[in-house]
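Notes follow the structure.
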Amino acid sequence: MGKDLPPALYVHGLGGSSQNWSALMPLLDGVVASEAVDLPGFGDSPPPDDGNYSVTGHARAVIRYLDASERGPVHLFGNSLGGAVTTRVAALRPDLVRTLTLVSPALPELRVQRTAVPTALLAVPGVASLFTRFSRNWTAEQRVRGVMALCYGDPTRVTEEAFRNAVEEMERRLRLPYFWDAMTRSSRGLVDAYTLGGQHSLWRQAERVLAPTLLVYGRRDQLVGYRMAQRAARAFRDSRLISLPEAGHVAMMEYPETVAAAFRELLVDTGESRVAARFESMGSEPVGSANSSGTDGSLGEEVSATVGDDDDSVGDGPAKGSPGVGS
Numbered sequence: 001m002g003k004d005l006p007p008a009l010y011v012h013g014l015g016g017s018s019q020n021w022s023a024l025m026p027l028l029d030g031v032v033a034s035e036a037v038d039l040p041g042f043g044d045s046p047p048p049d050d051g052n053y054s055v056t057g058h059a060r061a062v063i064r065y066l067d068a069s070e071r072g073p074v075h076l077f078g079n080s081l082g083g084a085v086t087t088r089v090a091a092l093r094p095d096l097v098r099t100l101t102l103v104s105p106a107l108p109e110l111r112v113q114r115t116a117v118p119t120a121l122l123a124v125p126g127v128a129s130l131f132t133r134f135s136r137n138w139t140a141e142q143r144v145r146g147v148m149a150l151c152y153g154d155p156t157r158v159t160e161e162a163f164r165n166a167v168e169e170m171e172r173r174l175r176l177p178y179f180w181d182a183m184t185r186s187s188r189g190l191v192d193a194y195t196l197g198g199q200h201s202l203w204r205q206a207e208r209v210l211a212p213t214l215l216v217y218g219r220r221d222q223l224v225g226y227r228m229a230q231r232a233a234r235a236f237r238d239s240r241l242i243s244l245p246e247a248g249h250v251a252m253m254e255y256p257e258t259v260a261a262a263f264r265e266l267l268v269d270t271g272e273s274r275v276a277a278r279f280e281s282m283g284s285e286p287v288g289s290a291n292s293s294g295t296d297g298s299l300g301e302e303v304s305a306t307v308g309d310d311d312d313s314v315g316d317g318p319a320k321g322s323p324g325v326g327s
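The letter at position 188 of the sequence shown is residue 188 when you use full-length UniProt numbering, and the numbering goes up by one with no holes.
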């Protein structure tokens, strides 16, 4: 990571890992010093000691990591569940966030997409174990094809190499004894976050975010309704919205060049980066275009870190003493 570049931190979605950002991160080399994290129970991170997979618990883990590493303030990225987590981080700890980039953030919807119902059902007690028994004989390849059909606007854009990498990663995850528990509890935590009201509501917290915010939505998203894009644009006080007609739920994997160009424009607009301005003057792909390259390398190796979680509260100010977050 470049020592003289502003830091950036990337947070994946439900069932994902730090590798979900490996198509986007190289495109921002020379602009930011990138690092992706694995939330507790995902990727290479062990499950949290207290079993807390709530959105607040995940946000606490990110805050704890940023405080311990002293990397903040960072350019913070989040996808899906990671979008909800990073929204909470930005609202509660504005001192840690330079800009916020949200790709299909999982913010509460009044009418949930029908295609998202199976994921939400994982939060219902007993359903996860039933599904596990039902799908026990599914191969890793079958599972990956199902996930890609749900998450990608056009699954045929995934390269053979990326598909093989995804299958290998799925095989590894299925061997983990806590895989389904992490999925189930995180799904339940997301559903619980949707029901919170008052100052703890994700929409209320979105309104509290001070950082310039880039919102990226795919019109073919089967998990987060595109109709939420305009509501999000209204909720975040300093927001920019781009929509990708052919993208699904993971635009940073499907159209990384377009997302990278939009982020560089965000930096130029907010005066955050002279480096980004140089990129812009050289000519980059117009924001909103869906003509980026495919998803080759989207599951390749990148700089990543695991984040732990053993504290019980999220604070509104910088932690004092040992790395952690106090109330």
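Glycine is no exception: its CB is placed at the ideal position from the N, C-alpha and C atoms.
Since this is a predicted model, take the numbers as computed values, not measurements.
- Counting along the chain, residue 90 sits inside the alpha helix (DSSP H) bounded by residues 81-92.
- For the options 96, 65, 73 and 53, the alpha carbon positioned closest to that of residue 81 is the one of 53.
- For residue 38, the enclosing beta strand (DSSP E) stretches over residues 33-38.
- Here the alpha carbon of residue 201 sits roughly 13 Å from the alpha carbon of residue 106.
- By the CB criterion at 8 Å, residue 170 and residue 20 fall outside the cutoff.
- Residue 60 sits in a helix when the DSSP states are folded into three classes.
- Annotation for residue 71: 7, 9 and 35 place their beta carbon closer than 8 Å to its own, counting only its chain and skipping 5 residues before and after.
- Within the same chain, and ignoring the five residues on either side of residue 32 in sequence, the residues whose Cβ sits closer than 6 Å to its Cβ are 5, 6, 8 and 75.
- The shortest CA-to-CA distance from residue 219 to any of 195, 230 and 246 is the one to 246.
- A distance of 8 Å or more separates the beta carbons of residue 244 and residue 233.
- In the DSSP assignment, residue 174 falls within the alpha helix (DSSP H) that extends over 160-174.
- DSSP links residue 240 through a beta bridge to 214.
- Around the Cβ of residue 64, a 10 Å sphere holds 16 or more other Cβ atoms; the residue is buried.
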